[in-house]
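Residue numbers (the UniProt record's numbering): 1 to 334.
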């Protein structure tokens, strides 16, 4: 039987709020624990605001989690810093929220006899491997975000083996979409490029623009989590991507087409030591085992991002973002 009473941690976040919208349409009862750190509760869309039990709190607070988990059919765990930059700015906080939070979720589920967890890992665990990235690859995380998420996968598997719960880990690739405004300078590069161009600024590209990402639209990513919740599968991990590489230069060209203007980016050297030149998901397991396939291609996704940004121009000031595209330059030297 499909679980219907769900706790979502980080439900007010970018993936969470888009995922919850689909779940509500499908008859789920949703509660969410969120610290509202990125963007605040004001970014919760009106169409879901009054249909979810929103609880402000921290997953590191086990006493807060235990009563929220009680009586639920399953948990979807999304709460963690979303950007590599967040871990670089505050390594202790980033790792603490990620690992301590997940451990508390697992322990609260064990104590309440809840049998199903779907949680967010990251494609960053693969970096250093050849592309396309396949779930069975050896993982040697290059940075603290990836290391913390790898630890989460191992902890989830241990709880699964010891206590009989099912833990499905999803490794999202480059998630972007129409309502990333709450993320500000931490937003996906597609949004940052579009916002810069709408503001009349030159988009800044690290390197020559031929680096690639497997861009997956946020609504598809949210649907992947719901699909994992509904499938009767044993503990394992899945890539959440499209299986298609797109270069930054191709993204800029698509944005230019939508805006009807020629793109004149500024190319600069890559200012950080750890930087992926290619991100590309092998999606065979997701398609064949999970039954998930993306529906929105990059060109359609770019069209939606540009359209949403245009509609928001009266209330958003892209130039007021904290130097978003070159933000890594403010970090300590590597």
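Note that beta-carbon positions come from the ideal geometry of N, C-alpha and C, so glycine has one too.
Distance between residue j and residue i (C-alpha atoms, nearest Å)
i: residue 12; j: residue 43; result: 8 angstroms
i: residue 171; j: residue 200; result: 35 angstroms
i: residue 99; j: residue 193; result: 32 angstroms
i: residue 74; j: residue 253; result: 42 angstroms
i: residue 152; j: residue 56; result: 23 angstroms
i: residue 315; j: residue 175; result: 24 angstroms
i: residue 54; j: residue 34; result: 8 angstroms
i: residue 17; j: residue 308; result: 16 angstroms
i: residue 22; j: residue 163; result: 30 angstroms
i: residue 49; j: residue 67; result: 21 angstroms
i: residue 206; j: residue 191; result: 16 angstroms
i: residue 29; j: residue 37; result: 24 angstroms
i: residue 256; j: residue 262; result: 6 angstroms
i: residue 204; j: residue 241; result: 25 angstroms
i: residue 110; j: residue 156; result: 11 angstroms
i: residue 10; j: residue 96; result: 15 angstroms
i: residue 187; j: residue 63; result: 32 angstroms
i: residue 197; j: residue 260; result: 11 angstroms
Delimiting residues of the alpha helix (DSSP H) encompassing residue i
i: residue 278; result: Counting along the chain, residue 278 falls outside any alpha helix (DSSP H), and DSSP gives it neither H nor E.
i: residue 87; result: 84-89
i: residue 215; result: Run containing residue 215: none in the alpha helix (DSSP H); it sits in the beta strand (DSSP E), 215-217.
i: residue 15; result: 14-25
i: residue 191; result: 189-198
Proximity to residue i [Cα-Cα], best of the options
i: residue 168; options: 220, 118 and 232; result: 118
i: residue 107; options: 209, 303, 70 and 125; result: 70
i: residue 239; options: 17, 132 and 51; result: 132
i: residue 182; options: 275, 50, 4 and 312; result: 312
i: residue 127; options: 136, 115 and 140; result: 140
i: residue 219; options: 88, 206, 109 and 305; result: 305
i: residue 232; options: 291, 156, 187 and 51; result: 291
i: residue 208; options: 148, 270 and 178; result: 270
Cross-strand partners of residue i (DSSP beta bridge)
i: residue 166; result: 116
i: residue 309; result: Bridge partners of residue 309: none, in fact.
i: residue 53; result: 31
i: residue 74; result: 6
i: residue 212; result: 247
i: residue 238; result: 170
i: residue 268; result: 206
i: residue 127; result: 129
Cutoff 8 angstroms: residue i Cβ touching any chain B Cβ
i: residue 117; result: Among the chains in the structure shown there is no chain B, since it carries only a single protein chain.
Exposure label - residue i; buried when at least 16 CB within 10 Å
i: residue 202; result: exposed
i: residue 161; result: exposed
i: residue 14; result: buried
i: residue 210; result: exposed
i: residue 93; result: exposed
i: residue 281; result: buried
i: residue 323; result: For residue 323, the pLDDT reaches just 48, beneath the cut-off of 50, and the residue's location in the model is therefore unreliable, although a value from the coordinates is still provided. Residue 323 is exposed by the Cβ-count criterion.
i: residue 226; result: buried
i: residue 228; result: buried
Enclosing beta strand (DSSP E) for residue i [first to last residue]
i: residue 7; result: 5-9
i: residue 253; result: Where residue 253 is concerned, there is no enclosing beta strand (DSSP E), although the alpha helix (DSSP H) it sits in stretches over 248-259.
i: residue 69; result: Per DSSP, residue 69 belongs to no beta strand (DSSP E); it is in the alpha helix (DSSP H), 62-69.
i: residue 135; result: Looking at the DSSP string, residue 135 is not in any beta strand (DSSP E), and its letter there is neither H nor E.
i: residue 295; result: From DSSP, residue 295 is part of no beta strand (DSSP E); its letter is neither H nor E.
i: residue 175; result: 174-176
i: residue 264; result: Element bounds for residue 264: n/a, residue is neither H nor E.
i: residue 205; result: 204-206
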